[in-house]
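Taking it in order: structure first as structure tokens, then the write-up.
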Amino acid sequence: MFKRFREHGVIERVGRTSDGANTYRTDAGAYEVAREIRQDRDTLPCGHGGMRNLRGDDYTCGNPDCDARYDRETVADAVFA
Ligand SMILES: [Zn+2]
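The sequence shown begins at 1097 in the working numbering and counts up by one.
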């Protein structure tokens, strides 16, 4: 999952903290492209197509009759699955 992020350029390693942990940044542009690609398909975990960005990292299903919500990780996982 994380590797896929890296492969698609959504996450880029930018450095290392003093305690040795890698630090990353997300590429908003790449993420947006991936999200748009995703919207052309019909395979959200709830079975509907489309999604709406609520705010921050929260997304909701694009189907008005469905109240499924997903965090950014779940959405990205679906995009790159
Ligand atoms: Zn749904």
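We treat Cβ as the ideally placed atom computed from N, Cα and C, and that holds for glycine. What you are looking at is a predicted structure, and each value in this text was computed from that prediction instead of being measured.
Taking a cut-off of 8 Å for Cβ pairs, the stretch 1141-1148 and the stretch 1158-1172 touch, as three or more such pairs fall below it.
For R1109, the beta-bridge partners assigned by DSSP are Y1120.
Assignment of D1154 by DSSP, reduced to helix, strand and coil, places it in the strand class. Taking 6 Å as the cut-off, the C-beta of N1159 counts as close to a heavy atom of ligand 1. Bridge partners of D1167 according to DSSP: D1154.
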